[in-house]
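Only one structure is covered here, and it is reproduced in the block below.
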Amino acid sequence: MSVEITFLGGAREVGRAAYWVKDGKASLLLDYGVSFDEEDRPIFPEYVSPKELGAVVLSHAHLDHSGALPMLYTAIRKPLYMTKLTKELTSILINDFLKLSGYYVTYGDTEVKEMMESVRTLEYRRTVEIPEAGGTNLTFYDAGHIPGSAMVKLELPSGVRLLYTGDVRLSETQLLAGADVSGLEADVLLIEATYGKTDHPPRENVEALFVSDVREVIQSGGTVLVPAFGVGRGQEILAVLADHEIDGDVYLDGMVRNVAELLIQGENKKFLKNPEMLEKAYEEARVVKGWQDRRRVWRRKGVIIASAGMLRGGPALYYARKMQSIERDAIFLVSFQAPGTPGRRLVEEGRVEQGGPLVSARVQWFDFSSHAGAGELLEIVRSVRGLKKVVVVHSEEKTALSFAERVREETGLDVIVPKPLETIKIEI
Ligand SMILES: [Zn+2]
Ligand SMILES: [Zn+2]
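If you read the sequence shown in this note's numbering, its first letter stands for residue 6, the second for the next number, and so on.
Below, the structure written as structure tokens:
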């Protein structure tokens, strides 16, 4: 039995996930995402002709996994598998991406529409046979990373069982229950290792610190701006604040608000750990409905949760510019801040704009990561039965190599860290 994997992106880098799996009878693409350079221009994965693919599988909605997918839908329609919630979130994120970066993107609304019409949805722990991929069996397991995110298991015609984690988080958060790893079996594990060298502090400590700092700012009459990713993080912060009950209003603005509304609708609720809690939090929050509201709320005592998470744009950037000179106010960052983004500049240099004024508002960063830390990743490797090979992806080179070494030492398993564009052949 053997399988070949070509790394069209996502090897020795975080983002641009694109893994092409072939075994003679089956040809499947796992994710097709983009990354961004320092000027915020998208970088696409290596091209693959859709003619060569039987089917495509998407692990979750984030653009570094989904952003290049419409490029495959110019002429022929290959089936595209994902969870139902990932379908809704991907549509939101790709349309937003087209609005912001359309100039650099080679596809348009037509391709996005073709892509969305090719989607076949699948629930967690249900297996479907893909005729277009030689009868490959596909199963999704909750990945605990963002709502709707899945780990992907393929049982290929050759008999090889491959498990791809997508982006994964093992321990629970307010919003999600954590990855569902019980009873997993596979020969080959394709695992992300964004944090392959570090562990995150325990979530309850981060929450306690965040909430006590929010209270401090509010008590001294200030407003806290929390720039947050529209999908997942923003709603997580909403749930954290609701759980700890703070004395002040919570405002939701931008994509954070739209996605919160979406998550508490109908069947989407089943992707959440505690949907009633998010529903209650959403009902108690105040939604910012337009510019008239927006011009007012930052002067009020309370917390504003707004996208975008790295201050690249959206209402969060508007609020940051207004609040930066007010000493009693605060900007609390809760997301990863990529190099070259205003958020990173704020943390490192204390200013939002290049060459702009130094910020007098209080600035802090909190580790609310939606990825597993190194210890958790190792636990995931250990929880998969029957493993013969581990392949490390979605990780900076040094981190990937160091995590691979740790897995070898602690489990004795054979570990591969593929190079960009490399094709590896695994014999079982
Ligand atoms: Zn990712
Ligand atoms: Zn992700």
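C-beta atoms are modelled at their ideal positions from N, C-alpha and C, and glycine is treated no differently.
This structure is a prediction, so every number in the text was calculated from the model and none was measured.
At a cut-off of 6 Å, is H249 close to ligand 4 when judged by its beta-carbon and the heavy atoms of the ligand?
As for ligand 4, it is missing from this structure, which binds only ligand 1 and ligand 2.
Any idea if Q179 is buried or exposed, counting beta-carbon neighbours within 10 angstroms, 16 or more meaning buried?
buried
Based on Cα-Cα distance, which residue from L103, Y108, A16, P55 lies nearest to K83?
P55
If you measure from each residue's Cβ to the nearest non-hydrogen atom of ligand 1, which ones come out under 5 Å, in chain order?
Listed by position along the chain, the residues with Cβ atoms less than 5 Å from a non-hydrogen atom of ligand 1 are D69, D172.
Locate the alpha helix (DSSP H) running through T404, then write down its first and last residues.
402-416
Leaving aside the five residues before and after D45 along the sequence, list all residues of the same chain whose C-beta is less than 7 Å from its C-beta, in chain order.
Apart from the 5 residues on each side of it in sequence, D45 sits with its Cβ closer than 7 Å to the Cβ of R317 in its chain, given in chain order.
Check whether the Cβ atoms of A311 and A247 lie closer than 7 Å to each other.
no
Quick check on the DSSP output: what are the complete alpha helix (DSSP H) runs of length 4 or more inside the segment 102-175, in order along the chain?
114-122
Applying the 10 Å Cβ sphere with the 16-neighbour rule, what's the burial state of Q240?
buried
In three-state terms, what does DSSP make of R347?
Position check: residue 347 holds Pro in this sequence, whereas Arg was assumed. Of the three classes helix, strand and coil, the one that applies to P347 here is helix, per DSSP.
Secondary structure at F373, three-state DSSP: helix, strand or coil?
coil
Within 10 angstroms of its Cβ, does G188 collect 16 or more other Cβ (buried), or is it exposed?
exposed
Can you grab the Cα-Cα spacing for the pair A16 / E410, in whole Å?
16 Å
Report back the beta-carbon spacing between I251 and R208 to the nearest angstrom; my notes put them in contact at under 8 Å.
The pair is not a contact, with the Cβ atoms about 18 Å apart (cut-off 8 Å).
Looking at H376: is its Cβ nearer than 7 Å to the Cβ of V19?
no
What whole-angstrom Cβ distance do M315 and Q297 have, given they're in contact under 8 Å?
Contact flag wrong, Cβ pair sits at about 27 Å.
Could you say which of V292, F234, V62, V422 lies nearest to V151 if we only look at CA atoms?
It is worth fixing the name first, because residue 151 is Ile in this sequence and not Val. Relative to the Cα of I151, the nearest Cα in the group V292, F234, V62, V422 belongs to F234.
Find the nearest neighbour of D334 within the set V368, Y37, L161, R301, judged by alpha-carbon distance.
V368
How many whole angstroms separate the CB atoms of L167 and A191, which I take to be in contact at a CB cut-off of 8 Å?
6 Å
With H, G and I counted as helix, E and B as strand and the rest as coil, what does DSSP make of E432?
strand
Since I believe L77 is in contact with S71 (beta carbons under 8 Å), could you give me their beta-carbon distance rounded to a whole number of angstroms?
Between L77 and S71 the Cβ distance is about 11 Å, and since that is not below 8 Å, they are no contact.
Using the C-alpha atoms, what's the distance from K30 back to T428?
17 Å
Quick one: is M6 buried, meaning 16 or more other Cβ sit within 10 Å of its Cβ, or exposed?
exposed
In the DSSP output, which residue or residues are listed as bridge partners for T228?
G307
From what residue to what residue does the alpha helix (DSSP H) around G319 run?
319-328
Let me confirm a value: L363 is counted as buried when at least 16 other C-beta atoms fall within 10 Å, else exposed. Which label applies?
exposed
I'd like the span of the beta strand (DSSP E) that includes G14, first residue to last.
7-14 is the extent of the beta strand (DSSP E) around G14.
Looking only at its own chain, which residues have a Cβ that is under 6 Å from the Cβ of L85, when we skip the five neighbours before and after it?
V61, S123, V124
Express the C-alpha separation of G226 and R304 in angstroms, rounding to a whole number.
10 Å
Under a Cβ-count criterion, where at least 16 other Cβ atoms within 10 Å of its own Cβ denotes burial, should G307 be classed as buried or exposed?
buried
Which complete beta strand (DSSP E) runs does the segment 26-113 hold, if anything under 3 residues is left out?
Counting only runs of at least 3 residues, the segment 26-113 fully encloses the following beta strand (DSSP E) elements, listed from N- to C-terminal order: 32-35, 60-62, 85-87.
Determine whether the beta carbon atoms of Q153 and L94 lie at a separation below 7 Å.
A quick correction: the sequence has Gly, not Gln, at residue 153. Judged by beta-carbon spacing, L94 lies within the 7 Å limit of G153, meaning their Cβ atoms are closer than that value.
By DSSP, does K285 sit in helix, in strand, or in coil?
Residue state for K285 is assigned as helix, using DSSP reduced to three classes.
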